[in-house]
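Protein chains: 2
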Amino acid sequence: MVTNPGRRKRATIHDVALEAGVSRGTVSRVVNDEPYVSAEARIAIEAAIEKVGYVPNTAARNLVMQRSQAIGFIVHEPHSLFLEDPNIGEILLGANAALSLADFQMVCLIIDSERDTDRVARYLSGGFVDGVIVVSARKNDPITRIIEKLGLPSTFVGHPPDLRQLPFVGIDNRSSARAITERLLATGRTRVGMIASALDRDSGADRLAGFTDALGPLFDPALVARVPFYAYADGVAGMRALLAAEPGLDGVFAASDAVAAGALEALREAGRSVPGDVGVVGFDDSAWALRCQPLLSTVHQPAAGLGERAAESVLAQLRGEEPELGGILLTTPIVWRDSA
Amino acid sequence: MVTNPGRRKRATIHDVALEAGVSRGTVSRVVNDEPYVSAEARIAIEAAIEKVGYVPNTAARNLVMQRSQAIGFIVHEPHSLFLEDPNIGEILLGANAALSLADFQMVCLIIDSERDTDRVARYLSGGFVDGVIVVSARKNDPITRIIEKLGLPSTFVGHPPDLRQLPFVGIDNRSSARAITERLLATGRTRVGMIASALDRDSGADRLAGFTDALGPLFDPALVARVPFYAYADGVAGMRALLAAEPGLDGVFAASDAVAAGALEALREAGRSVPGDVGVVGFDDSAWALRCQPLLSTVHQPAAGLGERAAESVLAQLRGEEPELGGILLTTPIVWRDSA
DNA sequence: ACTTACTCTGTGTACGTTCACAGATCGGCC
DNA sequence: GGCCGATCTGTGAACGTACACAGAGTAAGT
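Order-wise, the sequence lines are chains A and B.
5 is the number of the first residue of the first sequence in the numbering used here; add one for each residue after it.
5 is the number of the first residue of the second sequence in the numbering used here; add one for each residue after it.
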């Protein structure tokens, strides 16, 4: 073998058959746990497998079976995701756990450039995976088009791209935001504001809508600070703006934990105590929440659960089941700590 | 096809040949960009490929070529890694970039349980990948054994497991620690201590050794606080211990950025100003470094570079080149900010 | 005219597996 | 004894590709 000088040739099913003194068919039956094999043949074959160190060749098996027993996990724009969003790791683990249980192999594909897009497209078309889980697809994503064209079973984590009818798993940002705001109001706060991030994304807009729902007639647009991103710096800026608009503020809902952390910094700077003067709540239950002083009350994102459900959804499609039309929304428990 | 009801049958090289009115061989030559194809045949075949929507079947190609054009990226203990270590994402991206350039597909394999180990082992044995990059292998890792047994080209990121002679890519913790300590001393500090973490790991022990190197005759064992982990809480505890041992301390080298962040908290608590009273430096240049107040001076871990070099090392082995015996050590620039 | 080289094309075989089918053996039952 | 079903085994396809080889055609050099 010229291409791989150091690799010794692998044992095939034929070698096992020869060693055990039976035919390929019988060996295949033993390997795949099928009935109609005599006890003595089974024992001889198992011994032969052990002796020659036989491992089935997956390429050959895939070729004839027309499946790969693997599911792709596609991550787009990893720079921002890996650095900002600790959830991606959890989603990945959740998906891996569910696939593992079904004896499927997860294959994690990173798209980081134009070049990657083409290669991943080829990879998907090449029959390497039986289905895909897509995290953070963009609008007009060529990968999305290819998945549709191939008819590849797929489930998206987060909101579905464009307006296509593709199965997805997500959380209900709106009712979660409403719930934590109501919980904050229940502590007796009367002037509650929000630092609203990323209003150009579904998640950001929905969190603001939930906040509005919770306040009802009490809602005051002057108590909403609009900031571009979910980041720490946005929290600092947003909080300063809110304090300037309403010094008597006694509660704040921050659109993310990082934003909440920034808000805490601005409050400290302004000499307000938390939760004494102002109650603060966040969203995500990320690492930030435990890094804050005081510990943050927040909405828990069931990241592992999202991955798990996405995996199950793909597997269900593989079994021929129809995916839920409206997508799957997971519940988001409130984690009440010290900041409110 | 019973297993995949919705999938329409894929076009094969045969369909293309029929459509273009040539033979399989000629189509194969066009697909693989080989010479000795007439212009008209090439045009007809390209049109036919477009028309029938042909994509090469990777399983079939792998079977006959005895390779997969894919490299595995194995991550062990992802829980701790994804949560504690932001570097893993960078390493992944660096490796992906290098593999992408060589037109290899990266396949990311997560090992999260016993079950995963077995499945990944089967996956590797199944010829799905031509080589592997291993991040954070443990001692006596069954995966390591399997890699050795298969003779699979591999490169480890970080220190090599056990005492085996396997290629690896890492950083020189010792000289990096020495360099940043010397830089701290150069600011005129005279009583410099260290919070030393994870002395049971190579990285932790080496960082302490580098610190000792830098101080030379000035080294005072009383100014080393030993803490178990690289975490924030360890930094708080370590700093308190150091201040108790030597109130006149004017510089600290923390074994990681998280530890440094904890140290800053303890210093604030004790009423010391940074960098006025005490200069603080960390290690890693992780997200912590920019989250600290003041911004942390630290050692930059070239995480993307580690991934890149690991990928290149595996590709070199695939070309039949001998791997460097002592492993590859990358340089670690010092990032000087405000904390010292 | 005859070799020689080069260009282009089609065919057969191999890769390692699964599956359908055809036999073979055996026991029980009418 | 003949028939049937159950159990067990071997054989020949097929999956879709790459590669070696043979052969045809063309052009140039001797």
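We put the beta carbon where it would ideally sit given N, CA and C, even for glycine.
Give me, in chain order, the residues of the same chain whose beta-carbon lies closer than 7 Å to that of residue i; leave out the 5 immediate sequence neighbours on both sides.
{"i": "E316/B", "result": "A102"}
{"i": "A314/B", "result": "A99, I137, T159, V161, V173"}
{"i": "I53/A", "result": "V20"}
{"i": "R230/A", "result": "A200, L203"}
{"i": "L188/B", "result": "V196, G255, F257, G283, V285, A344"}
{"i": "E269/A", "result": "V240"}
{"i": "G57/B", "result": "A15"}
{"i": "L333/B", "result": "G174, I175, D176"}
{"i": "L97/B", "result": "A308, G311"}
{"i": "A106/A", "result": "L319"}
{"i": "G208/A", "result": "A200, S201, A202, A259"}
Please work out which residues of its chain come closer than 8 Å, Cβ to Cβ, to residue i, disregarding the five sequence neighbours upstream and downstream, and give them in chain order.
{"i": "R318/B", "result": "The sequence given here has Val at residue 318/B, not Arg. Within the same chain, V318/B has close Cβ partners I75, G135, V136, I137, P157, S158, T159."}
{"i": "A245/B", "result": "A229"}
{"i": "P146/B", "result": "T121, A125"}
{"i": "Y40/A", "result": "R33"}
{"i": "P327/A", "result": "T159, P171, S317, A320, Q321"}
{"i": "V111/A", "result": "A74, I75, G76, F77, F132, V133"}
{"i": "P60/B", "result": "I17, V35"}
{"i": "G45/A", "result": "Residue 45/A is actually Ala in this sequence, not Gly. So the qualifying residues of the chain are A24, V26, T30, V34."}
Taking buried to mean at least 16 other C-beta atoms within 10 Å of its own C-beta, is residue i buried or exposed?
{"i": "Q297/B", "result": "exposed"}
{"i": "F86/B", "result": "Unreliable positioning characterises F86/B in this predicted model, as indicated by a pLDDT of 49, which lies under 50. A coordinate reading is not provided."}
{"i": "T7/A", "result": "Bear in mind that the predicted position of T7/A carries a pLDDT of just 35, short of 50, making it unreliable; the figure below should be weighed with that in mind. Exposed, by the Cβ-count rule."}
{"i": "L294/A", "result": "exposed"}
{"i": "R178/B", "result": "buried"}
{"i": "E23/B", "result": "buried"}
{"i": "R211/B", "result": "buried"}
{"i": "N36/A", "result": "exposed"}
{"i": "E94/B", "result": "buried"}
{"i": "A48/A", "result": "buried"}
{"i": "G214/A", "result": "buried"}
{"i": "V278/A", "result": "buried"}
{"i": "D288/B", "result": "buried"}
{"i": "G266/B", "result": "buried"}
{"i": "P306/B", "result": "buried"}
{"i": "S301/B", "result": "buried"}
{"i": "T194/A", "result": "exposed"}
{"i": "A43/A", "result": "exposed"}
{"i": "A183/B", "result": "buried"}
So, under 8 Å CB-CB, residue i and residue j are touching, yes? Tell me the CB distance rounded to an integer number of Å.
{"i": "T185/A", "j": "L227/A", "result": "About 12 Å separates the two Cβ atoms, so there is no contact after all."}
{"i": "N66/B", "j": "G155/B", "result": "So it is not a contact: roughly 18 Å between Cβ atoms."}
{"i": "V124/A", "j": "S72/A", "result": "No, V124/A and S72/A are not in contact; Cβ-Cβ is about 15 Å, not under 8 Å."}
{"i": "V31/B", "j": "I17/B", "result": "5 Å"}
{"i": "M243/A", "j": "L271/A", "result": "6 Å"}
Out of the options, which one is the CA nearest neighbour of residue i?
{"i": "I92/A", "options": "L105/A, D37/A, S104/A, F77/A", "result": "F77/A"}
{"i": "G330/A", "options": "A43/A, H80/A, V35/A, H163/A", "result": "H163/A"}
{"i": "R119/B", "options": "S27/A, R119/A, F108/A, I199/A", "result": "F108/A"}
{"i": "K55/B", "options": "T62/B, N36/B, R14/B, V68/B", "result": "R14/B"}
{"i": "T216/A", "options": "A237/A, Y58/A, R193/A, A181/A", "result": "A181/A"}
{"i": "W292/B", "options": "L310/B, V79/B, G311/B, Y234/B", "result": "Y234/B"}
{"i": "A237/A", "options": "P251/A, A262/A, P221/A", "result": "A262/A"}
{"i": "L128/B", "options": "L113/B, S140/B, G29/B", "result": "L113/B"}
{"i": "G171/A", "options": "H304/A, A308/A, A320/A, V59/A", "result": "Just to set this straight, residue 171/A is Pro in the shown sequence, not Gly. For P171/A, the nearest C-alpha among the options comes from A320/A."}
{"i": "T336/A", "options": "A106/A, G309/A, G266/A, E38/A", "result": "G309/A"}
{"i": "H304/A", "options": "A106/A, E38/A, V339/A, G242/A", "result": "V339/A"}
{"i": "M69/B", "options": "M69/A, A63/A, G242/A, V68/A", "result": "A63/A"}
{"i": "S140/B", "options": "S301/B, T191/B, S42/B, V79/B", "result": "V79/B"}
{"i": "S104/B", "options": "E312/B, S42/B, R28/B, A249/B", "result": "E312/B"}
{"i": "R205/A", "options": "V59/A, E325/A, A259/A", "result": "A259/A"}
{"i": "M198/B", "options": "K153/B, E38/B, L253/B", "result": "L253/B"}
{"i": "G192/B", "options": "I151/B, E152/B, D281/B, R323/B", "result": "D281/B"}
Hey, would you say the C-beta of residue i is under 7 Å away from at least one heavy atom of the ligand ADP?
{"i": "A320/A", "result": "Looking at this structure, you won't find the ligand ADP or any other ligand, since it has none at all."}
Short of 6 Å in beta carbon distance, which residues of its chain neighbour residue i, apart from the five on each side in sequence? Order them along the chain.
{"i": "A274/B", "result": "L247"}
{"i": "D342/B", "result": "P298, L299"}
Practice task
Quick one: which residues of the stretch 297–312 of chain A get their C-beta closer than 8 Å to a C-beta of chain B? List them in chain order.
Solution key: Here the close residues number zero.
Taking any Cβ of chain A, which residues in the stretch 131–142 of chain B have a Cβ under 8 Å from it, in chain order? Listed by position along the chain: G131, F132, D134.
Check distances from the C-beta atoms of the stretch 172–183 of chain B to those of chain A and list, in chain order, the residues that come in under 9 Å.
Sequence-ordered contacts of the stretch 172–183 of chain B with chain A are nonexistent [C-beta pairs closer than 9 Å].
Next item on the list: Determine which residues of the stretch 251–265 of chain B have a Cβ less than 9 Å from any Cβ of chain A, and write them out in chain order.
Entry: For chain A, the residues of the stretch 251–265 of chain B that bring a beta carbon within less than 9 Å of one of its beta carbons are A265, in chain order.
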